[in-house]
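First the structure, in the form of structure tokens, and then the observations on it.
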Amino acid sequence: DVTRYREEIRRGVLAATGLLALILVGVFSTAFLVVRRGVVQLREAQEQLEKLASIDPLTGVFNRGEILNRARKEASRLRRAMNQSPEQAIALVMIDIDRFKTINDRHGHLVGDTVLRQVVRRIKIELRDYDLFGRYGGEEFLVVLPGTDAPAAVAVAERMRRAVGETPFDVDGRNLPVTISLGVAVLAGDILDLTGTLQRADEALYRAKSTGRDRVCRAAEADRDPEETQP
15 DVTRYREEIR RGVLAATGLL ALILVGVFST AFLVVRRGVV QLREAQEQLE
65 KLASIDPLTG VFNRGEILNR ARKEASRLRR AMNQSPEQAI ALVMIDIDRF
115 KTINDRHGHL VGDTVLRQVV RRIKIELRDY DLFGRYGGEE FLVVLPGTDA
165 PAAVAVAERM RRAVGETPFD VDGRNLPVTI SLGVAVLAGD ILDLTGTLQR
215 ADEALYRAKS TGRDRVCRAA EADRDPEETQ P
């Protein structure tokens with residue numbers, strides 16, 4: 015009579031199968047957790063690399079490449095929306111810190127770096143969450159204001175000018191007066207060329223600096239005189 019042995023064999027096979035199943039579950043669970051953790055770490059590393067590639071390390075705003083890329087996307091979005099909402103506009107504001115080379119030469123580059131960071135902090139306060147702000151190069155910055163026409167952009171630029179210039183900067187226990195000049199140009203209507211609008215904003219900025227600094231100049235439009243505000 016081998017019935018007893020068959021029952022023992024069956025129980026042994028079931029026990030071995032159960033043990034093997036538990037081992038497989040443990041192995042696959044551990045592997046899943048390891049792979050999942052690796053994927054999360056890889057994603058975080060990729061996000062960090064993307065951030066490093068798009069952010070200016072000194073000021074924490076977009077670098078030149080990223081702010082121009084964001085501006086191109088906004089311009090493309092505006093072109094697509096023109097048929098339904100022809101009154102829409104995007105304003106570009108070019109900003110330059112007045113006499114920044116003198117600050118570096120007189121007080122040193124560490125003070126200059128502090129001034130750059132403080133200028134950025136003051137300007138950010140005057141911007142909306144969806145406005146775009148980047149370092150265009152050196153002491154020059156670019157602000158992109160979606161859904162903003164020329165008069166509103168001039169008003170925002172004037173607020174930024176006052177935010178920087180009305181209160182001296184506290185740098186190493188010294189009160190350091192700092193001002194900025196700003197040039198404003200708008201993409202709207204028939205003017206949807208981003209490169210041309212950037213050039214017009216830069217020309218307006220140059221006019222602001224050449225006519226006394228610490229002021230806002232608006233790019234000239236067809237058959238209209240340039241507009242400017244000054245303290």
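Heads up: the sequence shown begins at 15 in this note's numbering, then just goes up one per residue.
Don't be surprised by glycine CBs; every beta carbon is placed ideally from N, CA and C.
query, result
"Less than 8 Å between the C-beta atoms of V198 and A171, yes or no?", "yes"
"Could you give the residue range of the beta strand (DSSP E) that holds E180?", "Careful: E180 lies outside any beta strand (DSSP E) and carries neither H nor E."
"Per DSSP, A103 is paired with what?", "A202"
"Could you give the residue range of the alpha helix (DSSP H) that holds V133?", "H123 to I139"
"Among R84, F42, L141 and L130, which has the Cα closest to the Cα of F114?", "L130"
"Taking the alpha-carbon of G79 as reference, which of V230, D207 and L156 has the nearest alpha-carbon?", "L156"
"Can you name the start and end residues of the alpha helix (DSSP H) that R94 belongs to?", "R78 to A95"
"With DSSP as the reference, label R149 as helix, strand or coil.", "strand"
"So which of L219, I69 and G161 has the shortest CA-CA distance to A234?", "L219"
"Do you know offhand how far L47's Cα is from E22's?", "37 Å"
"Quick one: Cα of R227 to Cα of T193, how far?", "8 Å"
"Using the C-alpha atoms, what's the distance from A202 back to G161?", "10 Å"
"If contacts are defined as beta-carbon pairs under 8 Å, then L206 and L92 qualify, I think. What distance do you get, rounded to the angstrom?", "7 Å"
"From A67 to L33, what distance separates their C-alpha atoms?", "50 Å"
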